[in-house]
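**Q** Provided herewith is a single structure, encoded as structure tokens, for subsequent inquiry.
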Amino acid sequence: TLDGDATRIVVKTVVKGGSADREGTIRIGDILRHIDGQPVTDRSLADLRGLVLGEIGTFITFGFERRDGIDGQLYTYDISLMRGNADFFAQLKLKHQLAQETEALKEQLTSAESQLTALRAEMKDSDGRLGRDQEALERLRAMLRSAEEQLRASEATLRQETAERQGPEGRAAR
Numbered sequence: 001t002l003d004g005d006a007t008r009i010v011v012k013t014v015v016k017g018g019s020a021d022r023e024g025t026i027r028i029g030d031i032l033r034h035i036d037g038q039p040v041t042d043r044s045l046a047d048l049r050g051l052v053l054g055e056i057g058t059f060i061t062f063g064f065e066r067r068d069g070i071d072g073q074l075y076t077y078d079i080s081l082m083r084g085n086a087d088f089f090a091q092l093k094l095k096h097q098l099a100q101e102t103e104a105l106k107e108q109l110t111s112a113e114s115q116l117t118a119l120r121a122e123m124k125d126s127d128g129r130l131g132r133d134q135e136a137l138e139r140l141r142a143m144l145r146s147a148e149e150q151l152r153a154s155e156a157t158l159r160q161e162t163a164e165r166q167g168p169e170g171r172a173a174r
């Protein structure tokens with residue numbers, strides 16, 4: 001908010017959440033000298049308003065001067081501010097936050113997709129090993145059955161040979 005006469009326009013307040021507040025350079029007491037290169041002295045309030053107003057989101061350059069409180073030296077500075085009200089900047093901030101969150105989610109999705117691809121490859125490899133392990137297990141089981149059959153056959157043969165060696169007397173004693 002500006003206050004002044006035809007010769008000086010002084011910053012009276014800085015609107016909370018507005019461009020000047022967000023940028024942080026302009027202070028109460030600073031003197032406005034030009035708007036987009038146009039001098040502000042000897043201009044009507046309507047003229048000044050016409051210079052300041054414009055499409056929201058576009059930039060405007062202000063020229064200010066400030067007296068240093070310590071040595072009283074005069075400093076000048078130009079500052080470029082985006083046109084807009086507090087609501088516009090709140091929406092702009094929200095849009096920026098949403099863009100950051102969207103980017104973070106995209107990165108998380110990419111990471112999750114990479115992990116999923118790796119897990120699928122590992123699962124496929126495990127399935128292959130499992131299939132080979134199952135085949136090996138079946139071969140071992142078949143070998144075990146064959147060995148058990150051979151053992152039973154050998155035991156039967158041994159019993160028969162033992163019985164035959166004992167002769168009829170050994171068989172009768174049983």
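Following full-length UniProt numbering, the numbering of the sequence shown begins with 1 at its first residue and continues without gaps.
Glycine included, each C-beta is placed from N, C-alpha and C at the ideal position.
Everything numeric in this text was worked out from a predicted model, so none of it was measured.
Taking the straight line between their C-alpha atoms, what separation do you get for Ser-19 and Asn-85?
**A** Cα to Cα, Ser-19 sits roughly 8 Å from Asn-85.
**Q** Could you tell me which uninterrupted beta strand (DSSP E) segments, each at least 3 residues in length, are contained entirely in the segment 24–60, listed from first to last along the chain?
**A** Counting whole runs of 3 or more residues, the segment 24–60 contains the beta strand (DSSP E) stretches 31–35.
**Q** Please say whether Phe-64 and Arg-22 have beta carbons closer to each other than 9 Å?
**A** No; because the gap between Cβ atoms is not below 9 Å, this pair is not in contact.
**Q** Would you mind sorting Thr-1 into buried or exposed? The rule is 16 or more other CB atoms within 10 Å of its CB.
**A** The predicted model places Thr-1 with a pLDDT of 48, which falls under 50 and marks its position as unreliable, so this point remains unresolved.
**Q** Rounded to the nearest angstrom, what separates Phe-88 and Ile-56 at their Cα positions?
**A** When rounded, the distance between both Cα atoms is 8 Å.
**Q** Check whether the segment 97–104 touches the segment 34–46, counting contact only when three or more Cβ pairs, one atom from each stretch, lie closer than 8 Å.
**A** They do not touch, by the three-pair rule.
**Q** Could you tell me which residues DSSP pairs with Gly-63 in its beta bridges?
**A** Gly-63 is bridged to His-34, Asp-78.
**Q** Within this structure, are the beta carbons of Thr-58 and Ile-79 separated by less than 9 Å?
**A** No, these two residues do not count as a Cβ contact at 9 Å.
**Q** Quick one: what's got a C-beta closer than 7 Å to His-96's C-beta in the same chain, skipping five residues either side?
**A** Within the same chain, His-96 has no close Cβ partners at all.
**Q** Compute the Euclidean distance between the alpha carbons of Leu-81 and Val-11, then round it to the nearest angstrom.
**A** Spanning the two alpha carbons is a distance of roughly 15 Å.
**Q** Quick test of your reading: Arg-83 and Leu-74, contact by CB under 8 Å. State the CB separation rounded to the nearest angstrom.
**A** Not a contact, Cβ separation roughly 28 Å.
**Q** Would you report the Cα separation of Ala-52 and Ala-46, rounded to the nearest angstrom?
**A** Going by the sequence as given, residue 52 is Val instead of Ala. Between Val-52 and Ala-46, the C-alpha separation is close to 10 Å.
**Q** Report the rounded CA-to-CA distance for Gln-108 versus Gln-115, giving the unit in angstroms.
**A** Cα to Cα, the separation comes out at about 10 Å.
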